[in-house]
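Read the sequence shown against our numbering and you will find it ends at 181, with the numbers running on by one and no gaps.
Yeah, the Cβ is synthetic: ideal placement off N, Cα and C, and Gly gets one too.
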Amino acid sequence: MTLKLIKNQNGSTIIELLISLMVVGLVVTAVAVASTYSIKNTGEARFRQAASTLAQEVVEKSRSEKTRLGFVSFNSAVGSNTYCFDTIPAAFDNSDPDDDYSMPAPGACSTGETISLAGSEFTREVVFDTSATSIIVEVNVSWSDSGNIRNIQIIQEFYPANYSY
Numbered sequence: 017m018t019l020k021l022i023k024n025q026n027g028s029t030i031i032e033l034l035i036s037l038m039v040v041g042l043v044v045t046a047v048a049v050a051s052t053y054s055i056k057n058t059g060e061a062r063f064r065q066a067a068s069t070l071a072q073e074v075v076e077k078s079r080s081e082k083t084r085l086g087f088v089s090f091n092s093a094v095g096s097n098t099y100c101f102d103t104i105p106a107a108f109d110n111s112d113p114d115d116d117y118s119m120p121a122p123g124a125c126s127t128g129e130t131i132s133l134a135g136s137e138f139t140r141e142v143v144f145d146t147s148a149t150s151i152i153v154e155v156n157v158s159w160s161d162s163g164n165i166r167n168i169q170i171i172q173e174f175y176p177a178n179y180s181y
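Pasting the structure below:
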């Protein structure tokens, strides 16, 4: 009777060991998948933050230039055009000889007109849509992430100082 009991225990021990190894393997796999997903999301967040910063810079610079030049002069200077801002900081026309900003020529970004930041290449296009009563600034920043093109857009509308809503 004792011999029969020992034989049954040996088989049970091997099965228990195999089940335990499978459970441990599943847990290790789940941890590895979760870590990979977390690292990927961290990279995406870093790129999205960099793109957001690049877009916000143009909006703030536009606001500053509109205030400095006045609504009418800024409206005339930018016109209803698309510009490629491939420099940091964003370049604008400035009559101050001590300031080295210059507005880029109108036109969409072409190949190679990128900004290297946070380990990626970003393209920053700005569309100004002007009228007598408002200037709409649409900033589009795009980048490639794992072979996919990502994009963020910020739209800001400016009005003359004496404009009543």
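Task: For residue 53 and residue 75, the rounded distance between their alpha carbons - done: 33 Å
- [ ] Kindly indicate which three-state DSSP category residue 130 falls into: helix, strand or coil?
- [x] coil
Open item on the list: I need the boundaries of the beta strand (DSSP E) containing residue 156, first residue and last residue.
Closed with: Taken as a continuous stretch (DSSP letters only), the beta strand (DSSP E) holding residue 156 covers 151-161.
- [ ] Measure the Cβ-Cβ separation of residue 151 and residue 82 and say whether it is below 8 Å.
- [x] yes
Task: beta strand (DSSP E) segment containing residue 136, residue limits - done: 136-146
Open item on the list: Taking the straight line between their C-alpha atoms, what separation do you get for residue 35 and residue 132?
Closed with: Approximately 51 Å, taken between the alpha carbons.
Open item on the list: Taking the alpha carbon of residue 159 as the reference point, which residue from 71, 42 and 28 has its own alpha carbon closest?
Closed with: It is 71 whose Cα lies nearest to the Cα of residue 159.
TODO: Could you tell me whether the region 131-149 touches the region 90-99, where touching means 3 or more Cβ pairs closer than 8 Å?
DONE: The region 131-149, when compared against the region 90-99, does touch it at the 8 Å Cβ threshold.
- [ ] Can you have a look at residue 58 and say buried or exposed, based on whether 16 or more other CB atoms are within 10 angstroms of its CB?
- [x] Exposed, by the Cβ-count rule.
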